[in-house]
Amino acid sequence: MKLHEYQSKAIFANYGIPIPRGRVTENAAEARAIAEELGGRVVVKSQVLVGGRGKAGGIRLAKTAEEAETVAAQLLGMTIKGLAVRRVLVDEAANIETEIYLGITNDRAARKPVIMASAAGGVDIEEIARQSPEKIFKVHVDPLLGLREYQARDIAACIDIPREYWKSFIAITRGLWWAYCETDATLAEINPLVITANHQLIALDGKMVIDDNALFRRPAIASLRDVDEDTEAEVEARKHGLAYIQLEGQIGCMVNGAGLAMATMDMIKLQGGEPANFLDIGGGAGADKVAAAFRIILSDPKVRAVLINIFGGITRCDEVARGILMAMTDVKSTIPMVVRLAGTNAEEGRNLLRNAQMITAETLFEAAQKAVALVEGS
Amino acid sequence: MKLHEYQSKAIFANYGIPIPRGRVTENAAEARAIAEELGGRVVVKSQVLVGGRGKAGGIRLAKTAEEAETVAAQLLGMTIKGLAVRRVLVDEAANIETEIYLGITNDRAARKPVIMASAAGGVDIEEIARQSPEKIFKVHVDPLLGLREYQARDIAACIDIPREYWKSFIAITRGLWWAYCETDATLAEINPLVITANHQLIALDGKMVIDDNALFRRPAIASLRDVDEDTEAEVEARKHGLAYIQLEGQIGCMVNGAGLAMATMDMIKLQGGEPANFLDIGGGAGADKVAAAFRIILSDPKVRAVLINIFGGITRCDEVARGILMAMTDVKSTIPMVVRLAGTNAEEGRNLLRNAQMITAETLFEAAQKAVALVEGS
Amino acid sequence: MSILVNQNTRLLVQGITGKEGLFHTQQMVQYGTNVVAGVTPGKGGDWVLDGKIPVFDSTKIAVEYTGANASVIFVPAQYTADAIFEAADAGIPLIVCITEGVPVQDMMKVRNYLDQKQVRLVGPNCPGLLTPGECKVGIIPGNIAIHGEIGVVSRSGTLTYEVLYALREAGLGASTCVGIGGDPINGTSFLDVLEMFEDDPRTKRVVLIGEIGGTDEEKAADFIATRMTKPVVAFIAGQSAPPGKRMGHAGAIIEGGAGTAAEKVNALKLAGVRVANHPEEIPGLLHH
Amino acid sequence: MSILVNQNTRLLVQGITGKEGLFHTQQMVQYGTNVVAGVTPGKGGDWVLDGKIPVFDSTKIAVEYTGANASVIFVPAQYTADAIFEAADAGIPLIVCITEGVPVQDMMKVRNYLDQKQVRLVGPNCPGLLTPGECKVGIIPGNIAIHGEIGVVSRSGTLTYEVLYALREAGLGASTCVGIGGDPINGTSFLDVLEMFEDDPRTKRVVLIGEIGGTDEEKAADFIATRMTKPVVAFIAGQSAPPGKRMGHAGAIIEGGAGTAAEKVNALKLAGVRVANHPEEIPGLLHH
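Protein chains in written order, with the working numbering: chain A, 1 to 378; chain B, 1001 to 1378; chain C, 2001 to 2288; chain D, 3001 to 3288.
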């Protein structure tokens, strides 16, 4: 789960990391009020869960409160990479001397958290990572020991932070580490961490991504989810614990297991079709969950055929069949369906579906072929 | 540093461990007031830093508030194993069904904390440890991982705590673990942890010992030190970072290093003398510290000779000599002294002491011999 | 011969009294797996499956009483890390974790702890192990695979069944099938399993089923190119996945341009691996 | 030959700019130890001892630049655990920690971490190592020992000097002297050092200096009885210590009746060790 800049920075502040004074708002008039409160120049920043806001014109400087209102009004009418700007953050402007990058993420190959830092922070950090990887200092943290004081110091020394800033840089690094640990983040990033003209270190921009699997134990973080950014179908899917991603094609897919779901989509493409979605009902789904999945797929108006591919393991095919039947009495749909059941309780499942109007298939190849034919024939 | 029962239990309570209602006091009238507040039967418990209070008559039941006052007055006049009772804890009395032992300490051989528990808690736990060690369940905790939930559960299962108490027992075990970690304890012990007639788990008595080396980072714990329990000389020694223990003999010792100090005492005994104290000035002691050590030794009226044995390593003999001279101008003492300096800057030290009235020795054997002779001759 | 599990496996089921745990214990017992004990804290002393399998409160005690030498974990995700620590501390040398949704920071702690011990963890978020005709540990439907000479290793769950089923339809059997799971931090990698298959006399050929994300397939390709003598056929799922979209498995994120299906297919082909266009093509490539 | 340190030792001093660190660096350099670098965070770029030894901010960088293969730690107790982690993570195979007063919970973490690594820690709260005529790492006064054939191992600091001095007075030299330190949790035990002495061709006889508390001497006695071929002479300090009184070293607590001087002396005597009544008796027992 991605957090907005203003949410990430609020978390940082809880861990003692200095952030600019400022506040988030959904309307331009309040943006003016915030700017007046702050006094002086402000930065008005669109809050959308997508990178490259600055380059897309989503971050603007305002010299006066009036200008802040004007700029905020413009931004609140914008769409950035398909996402409508619903909120802006109004922050006091900083006089930047140096831009530092500081981030923590999980290194799956090393199986440890890794802290990355660079004196060349700012918007081009990914470019620097590609072209001059030596400018990025990396240190792995032992997950059992946690961040050691010396490691934070080593980062300061290795990216040549002036000595007078070490103490405060080390405190910020520790703060970021604890923020990462105590929110179950998969990414906690300050970019840029700036040294200002009046010799302060401030986290000017921040980004956090939280491990969805850990939200159960982070209720305060889970409540930060911005459902405005999701489609209705995505919200519905999450409510039922389904992994659902809407795509551009016409063949709706309901599969158990991410790997099999991807292989099913691959097969549809191989046969000349286009999948309408990725949908993984997960392991051990019951009838309710299957029914919800079914409704979500059919809520996409592009869908002209549905391919259900279930290979029972922890999921039982009879449960899936019951879910389909439950949903069919609910959603009276004329969309044709191809069903393929195999594995645990497959026969029971097939028996249950015997009287429903469905096309069945023995293999995945055959199922995809039939689904593609349905779309082409319709 | 040992903590009193009332201090230990206050810490336990901070970690969610249930303790009896009650309060500590230094006077009998207040004991009565506390008993009135609590209502019903109370237990009046002397607070002295020594084991076996109960068997020494230092813990008494009182049925009424009047009785509480009487009993408190008696206890506050008592001396237990040489320690005057200055405070009593007045706790509500519990109806005990079962007594459990639960303790955490450092296992130096395993190099890990060890949690010990037994269903046979109470005053005879040490006897049980000797005679029926199988009745004590032990589990080591990985210091990098910390206590795992399953370990607390295993303890509950292995000492046959009835299932309905598991949840609360596990919470108490975790609380005790965190109390141990966050106070840098070397011992955190609940004995007995009782199951009461009304189905509560309560820590009836508690004991904590804190790692002296960690007090620098535990200021709140360090402030709990009960200086009333120490002699003036011990308080003075601690203030100067000296390890000092007063003993029964006549030869005061000032040595650098605990091992050498013990060997020096052993040598005095071997020569037929008795050491008046153990005193380790530690590594790298400066003149001030040495002077303080000197004053402390001479404050013991039993001392009839002083043996100074310094083998310079991190401690420099010239510094030690300067300290002795400093103290001698300060404390005009007629007690004879034998000095033996060797190692780092020994010659400079000897040169500094040349004009002082002191007996010198080449070897430890010789030094001890001369000191014993001084006592015997005096 | 086979790898990891066989008829000498004495299996413990952690979370045996839960719905999934009980159902799959039954399936495993029916398959012939020697399930010697179960653990559910608070239910010690109970028996399941008509009194055939004892339930203990503690894994340590269960191991002491039954001599279990492998464990399979069905406990909910929030308790999974603790269950793995418990099994490892009880001295169980093989732990198979079926549970999905384990927090990644938990798994980093688990993995770094296990690296100090002589313990093999398979999973989490995996279907488990199947040595057809001998032993099933986990949730792979037993009837879809027959005994044979092909080693199967997969990051996916149900996609593995698909492949085993296709193999059986083609008359091909498996020596052992290992589901390593799709999580970013797991216990056993492709590389680990390929080494075992290379050393296993029964295994003659190997099927590897990968997916987008991470670099495990690339490391496997490296091993195949330099040290593997047995032929390998592979399939990589996610060729149609749009870059940057998350496909359910945390591992299935395309990380900074690396880990795409095309790159993995390329690395495997360079290592001499036949790569199938879809799972049902695999048997044909093995016969080839 | 010798153990642990010799003329090939390239020493790093952590905490080199502190009062004790600087003084003893000077002493070590004068003795002939090859001190290649120092570390004091915030002082990187400085030089000490008339510009002879560079100071770095980071141990890792110091090792990269100077190829240090051993480290000695003089930093204050509150920073000591971090300094040991830093040295271990920088890949230094031998860490000698002089600092006393390190919290015991810190040391438990350190020791459990180091057990996973190929790192030898000597100390903390120890005087360090001396291979006379070759290399001094720590604070043992160099002039009190001469080159010879006797391996010396001790839990004590200054008592060790006493013994080395007594040996020298008797014309006896040391192969290597190892101060393992008196703390309850430390890096190297008597047993570890006895094994090294047993394998070291230069060492012909061994002196062991123990004290009350713990069971390290008992374990040493066990090794001596069963596997040691070289003669051992021992002294145990604390015979006059009143039971239950704490004698400064955390280790010097008599734990539940175990760890008394009498028990240790007894165990050593049963293992065939000659036990001295006082330190100055040791040379005579060696000559015997």
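For every residue, glycine included, the Cβ atom is placed at its ideal position computed from N, Cα and C.
Strand pairing of residue i, partner residues [DSSP]
| i | result |
| --- | --- |
| Gly1107/B | It should be pointed out that residue 1107/B corresponds to Asp in this sequence rather than to Gly. BP columns for Asp1107/B point to Lys1112/B. |
| Met1337/B | Val1306/B |
| Asn1277/B | Gln1246/B |
| Ala140/A | Contrary to the premise, residue 140/A reads as His rather than Ala in this sequence. Looking at the DSSP assignment, His140/A forms a beta bridge with Val114/A. |
| Val2096/C | Val2072/C, Val2122/C |
| Ala3234/D | Leu3208/D, Val3275/D |
| Thr1253/B | As written in the sequence, residue 1253/B is Cys, which differs from the Thr given in the question. Paired residue(s): Leu1307/B. |
| Leu2011/C | Val2035/C, Ala2070/C |
| Val227/A | DSSP, once it has assigned bridges, lists no residue as partnering Val227/A. |
Run of the alpha helix (DSSP H) containing residue i, from where it starts to where it stops
| i | result |
| --- | --- |
| Leu3114/D | 3104-3114 |
| Thr173/A | 166-182 |
| Gly2284/C | 2282-2287 |
| Thr2154/C | Here the sequence assigns Ser to residue 2154/C, which means Thr is not the residue at that position. Note, Ser2154/C: premise wrong, no alpha helix (DSSP H); beta strand (DSSP E) at 2147-2154. |
| Ala1010/B | 1005-1014 |
| Asn2266/C | 2261-2270 |
Own chain residues within Cβ distance below 7 Å of residue i, not counting five before or after
| i | result |
| --- | --- |
| Ala2250/C | Caution applies to Ala2250/C, whose pLDDT of 31 falls short of 50 and renders its modelled position unreliable; the value that the coordinates give is listed next. For Ala2250/C, where only same-chain residues beyond five positions count, the Cβ hits under 7 Å are Val2104, Asp2183, Pro2184. |
| Val1303/B | Gln1250, Gly1252, Ala1276, Ile1297, Ile1335 |
| Ile3279/D | The identity of residue 3279/D in the sequence shown is Pro, whereas the question assumes Ile. Leu3159, Glu3162, Val3163, Ala3166, Phe3235, listed in sequence order. |
| Glu1099/B | Gly1121, Gly1122, Pro1192, Val1194 |
| Lys2264/C | Gly2210, Glu2217, Glu2218, Ile2236 |
| Met2289/C | Nothing about residue 2289/C can be read from this structure; chain C reaches only from 2001 to 2288. |
| Gly3257/D | Here Gly3257/D scores only 49 on pLDDT, less than 50, and its place in the model is too uncertain to base an answer on. |
Contact belief for residue i with residue j at Cβ below 8 Å, rounded distance in angstroms
| i | j | result |
| --- | --- | --- |
| Ile297/A | Ala188/A | With 8 Å as the limit, Ile297/A and Ala188/A do not qualify as a contact, their Cβ atoms being about 35 Å apart. |
| Ala1305/B | Gln1250/B | 7 Å |
| Gln1151/B | Val1141/B | 7 Å |
| Glu445/A | Gly206/A | The requested residue 445/A does not occur in the structure, where chain A is confined to residues 1 to 378. |
| Ile3098/D | Gly3128/D | 6 Å |
Contact set between residue i and chain E, taken where Cβ atoms lie within less than 7 Å
| i | result |
| --- | --- |
| Glu149/A | Among the protein chains in the structure shown, which are A, B, C and D, there is no chain E. |
Residue burial classification, residue i (beta-carbon count within 10 angstroms, cutoff 16)
| i | result |
| --- | --- |
| Asp228/A | exposed |
| His3024/D | buried |
| His2147/C | exposed |
| Gln3118/D | exposed |
| Trp177/A | buried |
| Lys370/A | buried |
| Thr3226/D | exposed |
| Gly2051/C | exposed |
Neighbourhood of residue i by C-beta, 6 Å cutoff - its chain only, sequence neighbours within 5 removed
| i | result |
| --- | --- |
| Thr3189/D | Contrary to the premise, residue 3189/D reads as Ser rather than Thr in this sequence. So the qualifying residues of the chain are Asp3216. |
| Ala2083/C | Gln2014, Ile2073, Val2075 |
| Val1209/B | Lys1002, Thr1186, Leu1187 |
Opening and closing residue of the beta strand (DSSP E) in which residue i lies
| i | result |
| --- | --- |
| Arg23/A | 22-25 |
| Ser1223/B | Note, Ser1223/B: premise wrong, no beta strand (DSSP E); not H, not E. |
| Glu2211/C | 2205-2211 |
| Arg1060/B | 1059-1062 |
| Ser3189/D | Unbroken run through Ser3189/D: none, as it is neither H nor E. |
| Ala2241/C | No beta strand (DSSP E) holds Ala2241/C; DSSP gives it neither H nor E. |
| Glu92/A | 88-92 |
| Ala3174/D | 3174-3179 |
| Glu1134/B | Counting along the chain, Glu1134/B falls outside any beta strand (DSSP E), and DSSP gives it neither H nor E. |
| Lys1045/B | 1042-1046 |
| Ile3140/D | Where Ile3140/D is concerned, there is no enclosing beta strand (DSSP E), given that its DSSP letter is neither H nor E. |
Same chain, Cβ closer than 8 Å to residue i, neighbours up to 5 away in sequence not counted
| i | result |
| --- | --- |
| Gln2116/C | none |
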